[in-house]
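Some notes on the structure that comes next.
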Amino acid sequence: ELKNLENKPEEISKKNVEIETKINSLDEKISQLEKEITIDPNQTKKIDEKIKLNSDKKIENHEEKTRLETDLEYLKNDLDNAYQESENNFSLKLNEDILKQEKINVQELPARNILQNDLNIEKRKFDKIGPINFTAENEAKESNKKIETMVNDKIDVEKAILKLRETISNINKEGREKISKCFDDVNQNFINLFAQFFDGGKAFLKMVGSSDPLLSGLEVFASPPGKKMSTLSLLSGGEKTMAATALILAVFLQNPSPICVLDEVDASLDDINIEKYCKVIKKINQETLTKFVIITHNPITMAHMDRLYGITMAETGISKLISIKLEEAQKLREVS
Numbered sequence: 004e005l006k007n008l009e010n011k012p013e014e015i016s017k018k019n020v021e022i023e024t025k026i027n028s029l030d031e032k033i034s035q036l037e038k039e040i041t042i043d044p045n046q047t048k049k050i051d052e053k054i055k056l057n058s059d060k061k062i063e064n065h066e067e068k069t070r071l072e073t074d075l076e077y078l079k080n081d082l083d084n085a086y087q088e089s090e091n092n093f094s095l096k097l098n099e100d101i102l103k104q105e106k107i108n109v110q111e112l113p114a115r116n117i118l119q120n121d122l123n124i125e126k127r128k129f130d131k132i133g134p135i136n137f138t139a140e141n142e143a144k145e146s147n148k149k150i151e152t153m154v155n156d157k158i159d160v161e162k163a164i165l166k167l168r169e170t171i172s173n174i175n176k177e178g179r180e181k182i183s184k185c186f187d188d189v190n191q192n193f194i195n196l197f198a199q200f201f202d203g204g205k206a207f208l209k210m211v212g213s214s215d216p217l218l219s220g221l222e223v224f225a226s227p228p229g230k231k232m233s234t235l236s237l238l239s240g241g242e243k244t245m246a247a248t249a250l251i252l253a254v255f256l257q258n259p260s261p262i263c264v265l266d267e268v269d270a271s272l273d274d275i276n277i278e279k280y281c282k283v284i285k286k287i288n289q290e291t292l293t294k295f296v297i298i299t300h301n302p303i304t305m306a307h308m309d310r311l312y313g314i315t316m317a318e319t320g321i322s323k324l325i326s327i328k329l330e331e332a333q334k335l336r337e338v339s
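Just so you know, we're using the numbering used here here: the sequence shown kicks off at 4 and counts up by one.
Rendered as structure tokens:
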């Protein structure tokens, strides 16, 4: 049937052409007859009859043409409908074949209204997103570049942190080693000086509070001759002074300086301990060549010095410096 419908327009078109040809031929005859018209009434009548006959045929042919054109239009519509129906049937058949091939049960598919509802929901979601931002891609690229730069900066910072931590670790390690060595040396100096100050006895230094030399504190333990080992706080005033002086000088001996100032260290010492104190100072002076500046009011300490400097006020408000070299003063005394 579809094939017959496809051939119908062609047949109608051919008939249309034939009719138009006939109409054109009749028009030519009419024109020819009009030229041949004479004044003869009989001929005019005959010609009019022929013209009327030809005009009637022309009208009939026009009517036939109009009818054929209408039929042609109907046939075209029928052909389009047939094509559409065939296409729908083919699509439906194809969909059924696909569903069968994929083993999909049509009855299990969602209803049309459900699918339409889901579609409406998705459309509303899409509408909420708003209009398309055509610069989003460029902005995304710029953001990605910034992120990449920040990531690289983060990596560099992390590397720098690791390097700093490694450096700090090395410094701390070196610091612990140096502090431990320095502590051992100072402790040994303290042990020796304590024995010199007390003519015997025992003493030592101990790190307390932490196993890390950088964080630990320092505790002094001392045992003068005839006494038990105790902390510095349990010693008498003179013993504390002697032990503290031994500790100060023990630290000083670790890195001796050209000059050392001691301000009234002997103030709380008795005469015997002052002698010991002066003896230790002279020994350190000989070993290190350090010049000691000792501030004192004790005559025993003064007697052990090489030169004395004093301040006197002979007149009110006027101070006067006096310098005496004890060796020369001793010679003058012997001469006199």
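Glycine included, C-beta positions come from ideal geometry on N, C-alpha and C.
### Task
Mind checking who C263 pairs with in its DSSP beta bridge?
Within the sequence shown, numbered from 1, the residue matching residue 263 stands at position 260. Its beta-bridge partners are F295.
### Message
I'd like to know if the region 266 to 283 and the region 298 to 306 are in contact, where contact means that at least 3 CB-CB pairs between them fall below 8 Å.
### Response
yes
#### Entry: Same chain, Cβ closer than 6 Å to M346, five either side skipped, listed in chain order
There is simply no residue 346 to check, as the chain begins at 4 and stops at 339 in what is shown.
### Task
Throw me the rounded Cβ distance for the L196 and L252 pair, which I believe falls under 8 Å.
As a first step, residue 196 is located in the sequence shown; it is residue number 193 there, counting from the start. As a first step, residue 252 is located in the sequence shown; it is residue number 249 there, counting from the start. L196 to L252, Cβ: 6 Å. Contact.
### Message
Could you pull the DSSP bridge partners for A225 from this structure?
### Response
Within the sequence shown, numbered from 1, the residue matching residue 225 stands at position 222. According to DSSP, which records beta bridges pairwise, A225 is partnered with A206, S233.
### Query
For V254, which residues of its own chain have a beta-carbon under 6 Å away from its beta-carbon, when the five flanking residues on both sides are left out?
Counting from one through the sequence shown, the residue named residue 254 turns up at place 251. Excluding positions up to five away in sequence, the list reads V189.
#### Entry: Beta-carbon gap between P227 and F201 smaller than 8 Å
Taking the sequence shown and counting its residues from 1, one reaches residue 227 at position 224. Taking the sequence shown and counting its residues from 1, one reaches residue 201 at position 198. In terms of Cβ geometry, P227 and F201 form a close pair [threshold 8 Å].
### Message
Which residue marks the beginning of the beta strand (DSSP E) containing T315, and which one marks its end?
### Response
Counting from one through the sequence shown, the residue named residue 315 turns up at place 312. First-last of the beta strand (DSSP E) with T315: 310 to 318.
#### Entry: For G220, three-class secondary structure by DSSP
Position 217 of the sequence shown holds residue 220. G220 falls in the strand class under three-state DSSP.
#### Entry: One or two residues paired with K323 in a DSSP bridge
Along the sequence shown, read from residue 1 onward, the residue named residue 323 stands at position 320. Answer is T315.
### Message
Between the alpha carbons of D121 and Q87, how many angstroms are there, rounded?
### Response
The count along the sequence shown starts at 1 and reaches residue 121 at position 118. The count along the sequence shown starts at 1 and reaches residue 87 at position 84. So the two alpha carbons sit approximately 29 Å from each other.
### Query
In angstroms, rounded to a whole number, what distance separates the CA positions of Q119 and A139?
On the sequence shown, position 116 is the one that residue 119 refers to. On the sequence shown, position 136 is the one that residue 139 refers to. Roughly 31 Å separates the two Cα atoms.
### Task
Determine the closest residue to D266 out of D130, I297, N80, with distance taken between C-alpha atoms.
Mapped onto the sequence shown, residue 266 falls at position 263. Among D130, I297, N80, the Cα nearest to that of D266 is on I297.
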